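Numbering (full-length UniProt numbering), first residue to last: 1 to 721. The structure under discussion appears below in the form of structure tokens.
Here it is, written out as structure tokens:
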């Protein structure tokens, strides 16, 4: 029911004791000046909040772009990287209830400013290990590092290396072990990401609530839309920053880059991952500065001075025209309880539990919640490990991978979200239509994803792992297959990873395992000669090799282009259903339960998708590893080589299985909607007056514990968006 602001004011004046509004005694010029001051203040706040949204989105996306860099730098498996990635959600959950409950009573702009400082401190903490854990050490044969040392890669006789040299080498390793055994520096990355989550918590609820409180009502949705648009731009710059930093060597500024024996195409390459975090931390600090100078309150626009609630809230109050004075008194009592003036926790609980029961008694909400949890598991896992998948499956560098994601995939997602909202508006789609659009988007998106199974690359030819030393597929255990007759006279370690590329197009794990007897040159220009294993390969015409793994063929480059095209279309298709799904969520619950329902929804997504998805995706990806690196002190390090076929099946298969399950729940949502709605309801829904889920009469008391949540978190303007 549409009710004017004047009628709402009249209602409150007749039923409650309110202070006299003296604005009517002011002159027109004074009122106009006041309104202009309000508009100026809210626009300054809007600009500052938009910059903060940009900063937090940039740092979050930059973390995604450095997943593989962190894995290699700290020599940890993908499962542990998943824990680090999920720590952000844990930090967010630690204080979200406190911020939501107490935030509105304090100085909201300054709380946001403090959150920015905490967020920047966490970002700086992530980068700190780079300055304390020493220089990055990659596995390389000595002759590729120092040309003055002349050692045969195939150590047929250990006596050719003097005892003093071996002792010095072992002493250095032991010293390094003592240093590494005392610290696990990746913990600082985890704690930094946890701090980022804590600092980010107040930005959304308090920032959006502040806009909703002090913006002109018809402009509030536009302002919130501007903030969300800027938030989409952040990840684009985050991945582009990741692309730039991945090109730079990790120890740039600390070592002579001319002596670095690996290139960005090498699996051991680690870019300057820490540099982007320093930049993101500085941006977060700058973003928080304006909030320390903004007022706690702004003067409300003239159209909203006479009411402490939004029009949507007021309309609901008028609809519930029974026992209104009693309801208002009950609301005041709850407000006193919130301020600590009344110890009535049992009263709060009595109001909270019926709301929870009402919410979970809504089959459409429960089914949609289940569908969203499963779909977000699919999407979060896919996005987290997409850079790793592209690097390992198509042999691309980290820099190129991040550039492609930032410049192509992210804009496709943004355009998809915008298109979904545009379709809803242009065709005046109701709740049933929104459910169909969301279902269709998911169905066709995952159908396109199915085609990516055919767009993979075969395993690289790696002697002893994917092919035998004679050119046939290995039939024995991988570890046993690393040794062959051609390198039996060499004293080689199976734990080393120092790949070379033979002229036969086959990669060998090390020059020693390739049976190389001599080398020439240094660094990246080292060439190995008289490699017995290269010469025995059935297609070999030479026995030389060069530093670094062999690149994948031209056919793989074509597959990568096909993958990009399908990936962009898939991202767009899945994103189209985002806005209709959000509208479906809002229209299927009672107005006074909206904020409470969104709180439960967000909590469930964070706890059941944001935290576990990166972890079990990482564990599944680790099972496809063919060759693990070794830490200096023993123990398993980061994976050096994945089985391309197994990685494709696990990564895409897990994503597709979860997506398919979510589609079944979406079908159940559509069925429940059809069962509860009538043609008249759907028509009214299309006109924006009534949702298909609103067929039941509203008999609940509108004042409930969730109204307290509504006043501080996820205000109605945000839910309307």
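For each residue, glycine too, the CB sits at the ideal point set by N, CA and C. The structure displayed is predicted, hence computed values, not measured ones.
### Message
Just verifying my parser: in three-state terms, what is the DSSP assignment at residue 628?
### Response
Residue mapping note: residue 628 aligns to position 628 of the chain shown, counting from 1. Looking at residue 628 - three-state DSSP - the assignment turns out to be strand.
### Query
How close, in whole Å, do the beta carbons of residue 551 and residue 395 come, if the pair is a contact with beta carbons under 8 Å?
Mapped onto the chain shown, residue 551 falls at position 551. Mapped onto the chain shown, residue 395 falls at position 395. Correct: roughly 6 Å between the Cβ atoms.
### Message
Less than 7 Å between C-beta atoms, sequence neighbours within five positions excluded: which residues of the same chain meet that for residue 393?
### Response
As a first step, residue 393 must be located in the chain shown, where it is residue number 393. Only 456, 457, 644, 647 and 648 meet the Cβ criterion.
### Query
Quick one: is residue 358 buried, meaning 16 or more other Cβ sit within 10 Å of its Cβ, or exposed?
In the chain shown, residue 358 corresponds to position 358, counting from 1. By the neighbour-count rule (16 or more Cβ atoms within 10 Å), residue 358 is buried.
### Message
For a quick check, are the C-beta atoms of residue 670 and residue 570 less than 8 Å apart?
### Response
Stepping through the chain shown from its first residue, residue 670 is reached at position 670. Stepping through the chain shown from its first residue, residue 570 is reached at position 570. In this structure, residue 570 does not lie closer than 8 Å to residue 670 by Cβ.
### Query
So which of 299, 204, 615 and 138 has the shortest CA-CA distance to residue 214?
As a working note, residue 214 is residue 214 in the chain shown. With distances taken between Cα atoms, residue 214 lies closest to 299.
### Task
Give the DSSP-derived three-state secondary structure of residue 492 in the structure shown.
As a position in the chain shown, residue 492 is number 492, starting the count at 1. Coil at residue 492, not helix or strand.
#### Entry: Exposed unless 16 or more other CB atoms sit within 10 angstroms - verdict on residue 554
Numbered from 1 along the chain shown, position 554 holds the residue referred to as residue 554. With fewer than 16 Cβ atoms within 10 Å of its Cβ, residue 554 is classed as exposed.
### Residue burial classification, residue 498 (beta-carbon count within 10 angstroms, cutoff 16)
The residue you call residue 498 lines up with position 498 of the chain shown. Residue 498 should be labelled buried.
### Query
Alpha carbon to alpha carbon, how far is residue 495 from residue 380?
Here residue 495 refers to the residue found at position 495 when the chain shown is read from its first residue. Here residue 380 refers to the residue found at position 380 when the chain shown is read from its first residue. Each residue's alpha carbon lies about 33 Å from the other.
### Query
Just the Cα atoms here: how many angstroms apart are residue 592 and residue 73?
On the chain shown, residue 592 is found 592 positions in, with the first residue counted as 1. On the chain shown, residue 73 is found 73 positions in, with the first residue counted as 1. The alpha-carbon atoms of residue 592 and residue 73 are separated by roughly 50 Å.
### Query
Using the beta-carbon count (16 or more within 10 Å), is residue 597 buried or exposed?
By one-based count along the chain shown, residue 597 stands at place 597. Flag for residue 597 reads buried.
### Query
Are three or more beta carbon pairs between the segment 243 to 253 and the segment 80 to 89 nearer than 8 Å?
no
### Task
Can you grab the Cα-Cα spacing for the pair residue 558 / residue 197, in whole Å?
In the chain shown, counting from the first residue as 1, residue 558 sits at position 558. In the chain shown, counting from the first residue as 1, residue 197 sits at position 197. Spanning the two alpha carbons is a distance of roughly 40 Å.
### Query
Can you tell me whether residue 397 is buried or exposed, with buried defined as 16 or more other CB within 10 angstroms of its CB?
As a first step, residue 397 must be located in the chain shown, where it is residue number 397. Buried is the call here.
### Message
Classify residue 295: buried if its beta carbon has 16 or more other beta carbons within 10 angstroms, exposed otherwise.
### Response
Indexing the chain shown from 1 puts residue 295 at position 295. By the neighbour-count rule (16 or more Cβ atoms within 10 Å), residue 295 is not buried but exposed.
### Query
What's the call for residue 391, buried or exposed, on a 16-neighbour Cβ count within 10 Å?
Start at 1 with the first residue of the chain shown, and residue 391 comes out as number 391. Buried, by the Cβ-count rule.
### Query
Do residue 188 and residue 98 come within 8 Å of each other at the CB atom, strictly closer than that value?
As a working mapping, residue 98 is identified with position 98 in the chain shown. As a working mapping, residue 188 is identified with position 188 in the chain shown. No; because the gap between Cβ atoms is not below 8 Å, this pair is not in contact.
### Anticipated Cβ contact below 8 Å, residue 402 with residue 387, distance rounded
Here the question's residue 402 lines up with position 402 in the chain shown. Here the question's residue 387 lines up with position 387 in the chain shown. Yes, they are in contact, since the Cβ atoms of residue 402 and residue 387 sit about 6 Å apart, within 8 Å.
#### Entry: Reduced DSSP category for residue 508 - H, G, I as helix; E, B as strand; rest coil
One-based indexing of the chain shown puts residue 508 at position 508. Here residue 508 sits in strand by DSSP.
#### Entry: Whole-angstrom C-beta distance between residue 528 and residue 500, which should lie under 8 Å
To locate residue 500, count along the chain shown from 1; it is residue 500. To locate residue 528, count along the chain shown from 1; it is residue 528. With a Cβ gap of about 6 Å, residue 500 and residue 528 count as contacting.
#### Entry: Backbone secondary structure at residue 641 - three-state DSSP
Start at 1 with the first residue of the chain shown, and residue 641 comes out as number 641. Of the three classes helix, strand and coil, the one that applies to residue 641 here is strand, per DSSP.
### Message
Only counting the same chain, and skipping five residues up and downstream in sequence, which positions put a Cβ closer than 7 Å to that of residue 127?
### Response
For the purposes of this step, residue 127 is identified with residue 127 of the chain shown, where counting begins at 1. Closer than 7 Å at the Cβ level, and outside the excluded window around residue 127, lie 274, 277 and 278.
### Message
Which of the three DSSP states is assigned to residue 362 in this structure?
### Response
What you label residue 362 is simply residue 362 of the chain shown in a count that begins at 1. Correct three-state label for residue 362: coil.
### Message
Can you find the residues in the same chain that come closer than 6 Å, C-beta to C-beta, to residue 466, ignoring five residues on each side of it along the sequence?
### Response
Residue 466 sits at position 466 when you count from the first residue of the chain shown. Excluding positions up to five away in sequence, the list reads 459.
### Query
Counting Cβ pairs, one atom from each stretch, are 3 or more of them under 8 Å apart for the segment 229 to 243 and the segment 47 to 65?
yes
### Message
So for residue 252, helix, strand or coil by DSSP?
### Response
Here residue 252 is taken as the residue at index 252 of the chain shown, counted from 1. If DSSP states are grouped into helix, strand and coil, residue 252 belongs with the strands.
### Query
Going by alpha carbons, who is nearest to residue 404 out of 485, 446, 65 and 615?
Taking the chain shown and counting its residues from 1, the one referred to as residue 404 is at position 404. Looking at the Cα atoms, 65 is the closest of the given residues.
### Query
Who pairs with residue 528 in a beta bridge, going by DSSP?
Locating residue 528 in the chain shown gives position 528, where the first residue counts as 1. DSSP lists 519 and 545 as partners of residue 528.
### Query
Using the C-alpha atoms, what's the distance from residue 560 back to residue 603?
By one-based count along the chain shown, residue 603 stands at place 603. By one-based count along the chain shown, residue 560 stands at place 560. Rounded to the nearest angstrom, the two C-alpha atoms are 37 Å apart.
### Query
Which term fits residue 108, buried or exposed, when burial requires 16 or more other beta carbons within 10 angstroms of its beta carbon?
The residue you call residue 108 lines up with position 108 of the chain shown. So residue 108 counts as buried.
### Query
What is the rounded straight-line gap between the Cα of residue 532 and the Cα of residue 514?
In the chain shown, residue 532 corresponds to position 532, counting from 1. In the chain shown, residue 514 corresponds to position 514, counting from 1. Approximately 7 Å, taken between the alpha carbons.
### Query
Between the segment 620 to 637 and the segment 358 to 375, do at least 3 Cβ pairs fall closer than 8 Å?
no
### Query
Given that a residue counts as buried once 16 or more other Cβ atoms are within 10 Å of its Cβ, and exposed if not, what is residue 435?
Here residue 435 refers to the residue found at position 435 of the chain shown. Answer is buried; the Cβ neighbour count reaches 16.
### Query
Based on Cα-Cα distance, which residue from 268, 78 and 216 lies nearest to residue 136?
For the purposes of this step, residue 136 is identified with residue 136 of the chain shown, where counting begins at 1. Among 268, 78 and 216, the Cα nearest to that of residue 136 belongs to 268.
### Task
Grab me the residues of residue 340's own chain with a C-beta within less than 6 Å of its C-beta, minus the 5 sequence neighbours each way, in chain order.
Position 340 of the chain shown, counting from 1, holds the residue named residue 340. Confidence in residue 340 is poor, its pLDDT being 46 and thus under 50, which makes the residue's placement unreliable; the coordinate value appears in the next sentence. Closer than 6 Å at the Cβ level, and outside the excluded window around residue 340, lies no residue.
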